[in-house]
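Take a look at the structure below.
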Amino acid sequence: MIPTHWFLILSAILFAIGVCGVLTRKNGITIFMSIELMVNAVNLTFLAYARQFHQIHGLIFVFFVMAIAAAEAAVGLAIFISLFHHRATIDVDEANLMRW
Amino acid sequence: MIEYAVFFFFAAVAVIFALMVVLHRNPVVGALALVASFFALAVMYVLLEAPFLAALQVIVYAGAIMVLFLFVIMLLNLQKQSEEPTRPLQQFLGYAGSAAFGIGLVYYLSKYAVMELPAGPFIADARTVGIRLFEAYIFPFEMVSILLLAAIVGALLLSGVRMEERT
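Line order of the protein sequences matches chains A and B. Residue numbers for the first sequence follow my numbering, so the first one is 267 and each next one is one higher. Residue numbers for the second sequence follow my numbering, so the first one is 1461 and each next one is one higher.
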């Protein structure tokens, strides 16, 4: 069996890559994919700790996270389609109507 | 020993394809790289003795959600749009901040989160998860079904079904 902290370190690296994508990119869909990457890194942490402490609750939580990620992806992509119809771009810096 | 080889190979695959998602200019390539990264994560779930969730990862994430992403990217014809780079200051702060965050997290985990392996196997197949899901977690399960229904209606409304055109 592989020690738990290897999985935690992999999860931390993936989460940091996702943070980097959200902070440095302007394409809305790429930012969204980076968020999915972070969600998956957290799922990996849940499963690593579930095995470490023999808790089935971690798996149930990952199940719900997947369901909610599906709902989030559907609504978020619909918002981007709507934004594209209005502005002909999905550059998130262009959607600045409510900007201070 | 073979377990370690599998772990490090697929960890490298996951990290490299995740970097590709963030660094590649073309969102279609990014979406396909994200699919590859999710497959590598499914292998991680198998190594963590959760085959049910590995199957869900492949079917729901790599199958359904990423196909939705690809459809939207191709529907909007995004690969023709050139994405202008962000401001240099934002670029620098983004890379430096996330690198510092990641290095700090890895340092903390490798120093303080090293634990003994649990004794005995952990059985988390579909049967165990299903029994727990439909006994203790039945209420959240039904709530998620309502949430998914609301997401379907919201997505339809947002993505261009115009009510005034219909009537």
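Beta carbons: idealized from backbone N, C-alpha and C, even for Gly.
Practice task
With 8 Å as the threshold, decide whether the Cβ of I301/A is near any Cβ in chain B.
Solution key: no
Exercise for the section: Please list the partners that F1498/B has in chain A, where partner means a Cβ-to-Cβ separation under 7 Å. Expected result: N306
Practice task
Would you verify that the beta carbon of I1612/B is, or is not, closer than 8 Å to some beta carbon of chain A?
Solution key: yes
Practice task
Check whether the stretch 346-359 of chain A touches the stretch 315-322 of chain A, taking contact to mean three or more Cβ pairs, one atom from each stretch, closer than 8 Å.
Solution key: no
Handout entry: Host alpha helix (DSSP H) of S277/A (start-end)
Key = 270-290
Exercise for the section: Return the Cβ separation of G1490/B and V1503/B in integer angstroms, given the expectation that the two are a contact with Cβ distance under 8 Å. Expected result: So it is not a contact: roughly 21 Å between Cβ atoms.
Exercise for the section: Tell me, please, whether the stretch 1505-1513 of chain B touches the stretch 304-318 of chain A by the rule of three or more beta-carbon pairs shorter than 8 Å. Expected result: yes
Exercise for the section: Mind listing, in chain order, the continuous alpha helix (DSSP H) runs of no fewer than 4 residues lying wholly within the stretch 1514-1546 of chain B? Expected result: 1526-1535
Practice task
Identify the contact partners of A314/A in chain B, using a Cβ-Cβ distance below 9 Å as the criterion.
Solution key: M1504, L1508
Problem - Cβ pair count under 8 Å reaching 3, the stretch 1552-1559 of chain B against the stretch 282-290 of chain A - result: yes
Practice task
List the DSSP bridge partners of D357/A.
Solution key: N293/A
Exercise for the section: Reducing DSSP to helix, strand and coil, say where R1485/B ends up. Expected result: coil
Handout entry: Endpoints, alpha helix (DSSP H) assigned at M1603/B
Key = 1598-1618
Practice task
Could you pull the start and end residues of the alpha helix (DSSP H) that F1561/B belongs to?
Solution key: 1548-1572
Handout entry: Outcome for A333/A when other beta-carbon atoms lying within 10 angstroms are tallied against a minimum of 16
Key = buried
Exercise for the section: Starting from the beta carbon of F1469/B, find every residue of chain A whose beta carbon is closer than 9 Å, and list them in chain order. Expected result: Within 9 Å Cβ-Cβ: nothing; F1469/B doesn't reach chain A, min ~12 Å.
Handout entry: Burial state of R1485/B, where buried means 16 or more other Cβ atoms lie within 10 Å
Key = exposed
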